[in-house]
Amino acid sequence: MPQIKRLLTLAAATSLAATLPLLGTTPAQAQDGSFSALTYNIAGLPEFLSSAPTPRKSATNEIGRRIAGFDIVNVQEDFNYHAYLYETDVHAHRTPTSGGVPFGSGLNSLHHQPYQALDRVTWDDCWINQADCLTPKGFTFHRAQIAPDTWVDVYNLHADAGDDSLDEAARRGNLEQLTAYISEHSAGNAVLVMGDTNTRYTTEGDRISDFAAANGLTDAWVELVRGGDEPDRGSPALGCPSSNPPAECEVVDKVLYRDGGGIDLSATSYRNLDADFREDGSGLMLSDHFPIAVDFSWASN
């Protein structure tokens, strides 16, 4: 009788074990996928201060509709018409506003998948020439999910504006501050930096090239449009026409990225979406900046 009980117990244990996964025996499977990203300065200053050619309430409403297809969206100057943006937007995960002028930074991000660890940081340096010091301009940091258990560190920024030497000095300080933060908070991680840098490679006093190199970042425009060839500092500006801008012209709105954290990132397309973000009927721009889109593929390594 004891022998029978032992046999029954052994049989039950064997049956249970067969239904449970063995720890450490599941083979690791490489993951891969793709996502789309957009950066857009949406000109959300109060109407009487805005240089955008379209009414800010209706234009911001329309921007909210048109960004729906992008997985990760960084907006800048999302100030006084924030409610109109979120009213028509359909992203499930969105950063809360930090307020209108003069209280907020105007930086927000919108995602179809979850994000975590949002941090807002104000620049240490600003120069009043372009009213930069009247709002707490700076950058944001958060981690964005691109697949289950797969995350990318995302930075949104709006750097100091203007063309005089003190503007350029403040802007260099902005990028140095961001570099220090990335070094501390994103060491070894995959990183996506998107925003209004107010920099151009051709501007003598700007250091966007140094910023990219210091952080191991690749500029999607330089990589995909210029074949990896950065414009020379001090060379003639590669200005954009006000409509139908070619991809070859340089804008201050930039998308930079790097691999890390077991994720290989690759930019697969770069697009200036000027034609897609114009007011119906009038054909006027919905903002005073161009929306810049980059598609990415990724694979775990």
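Residue numbers for the sequence shown, in mature numbering (1 follows the signal peptide of the UniProt record, and there is no 0): -30 to -1, 1 to 271.
Even for Gly, the Cβ is constructed at its ideal location relative to N, Cα and C.
- Query: If S236 and F266 are in contact, beta carbons under 8 Å, what's the gap, nearest whole angstrom?
  - Reply: Within the sequence shown, residue 236 is the residue found at index 266, counting from 1. Within the sequence shown, residue 266 is the residue found at index 296, counting from 1. Correct: roughly 7 Å between the Cβ atoms.
- Between which two residues does the beta strand (DSSP E) harbouring I116 extend? By one-based count along the sequence shown, residue 116 stands at place 146. Here the beta strand (DSSP E) through I116 covers G108 to A117.
- Beta-ladder partner(s) of R90, from DSSP: The residue given as residue 90 occupies position 120 in the sequence shown. According to DSSP, which records beta bridges pairwise, R90 is partnered with T110.
- Tell me whether the beta-carbon of V225 lies closer than 7 Å to the beta-carbon of V192. Along the sequence shown, read from residue 1 onward, the residue named residue 225 stands at position 255. Along the sequence shown, read from residue 1 onward, the residue named residue 192 stands at position 222. No Cβ-Cβ contact shorter than 7 Å links V225 with V192.
- Item | Cβ neighbours of residue 291 in the same chain (closer than 6 Å, five flanking residues each side left out) | There is no way to answer for residue 291, as the model of the chain reaches only from -30 to 271.
- Task: Label G251 either buried or exposed according to how many other C-beta atoms from any shown protein chain fall within 10 Å of its C-beta, with 16 as the threshold for buried.
- Result: Numbered from its first residue, the sequence shown carries residue 251 at position 281. Its Cβ having fewer than 16 others within 10 Å, G251 is exposed.
- Query: Between F181 and the rest of its own chain, which residues show a CB-CB distance below 7 Å, the 5 nearest in sequence each way excluded?
  - Reply: Stepping through the sequence shown from its first residue, residue 181 is reached at position 211. Contacts found: L145 and T149.
- G165 lies in the beta strand (DSSP E); which residues open and close that run? Locating residue 165 in the sequence shown gives position 195, where the first residue counts as 1. Here the beta strand (DSSP E) through G165 covers V161 to D166.
- Task: Could you please give me the residues that DSSP links to I42 through a beta bridge?
- Result: Here residue 42 refers to the residue found at position 72 when the sequence shown is read from its first residue. Per DSSP, A7 and H81.
- Item | Residue from L127, G253 and G232 whose Cα sits closest to the Cα of E47 | Position 77 of the sequence shown, counting from 1, holds the residue named residue 47. Checked all of L127, G253 and G232; the closest Cα to E47 is L127.
- Cβ shell of D2 (< 8 Å), same chain only, five flanking positions each side left out: Indexing the sequence shown from 1 puts residue 2 at position 32. Cβ within range, chain order: S267, W268, A269 and S270.
- Is the beta carbon of D223 sitting closer than 7 Å to the one on I178? Mapped onto the sequence shown, residue 223 falls at position 253. Mapped onto the sequence shown, residue 178 falls at position 208. No, these two residues do not count as a Cβ contact at 7 Å.
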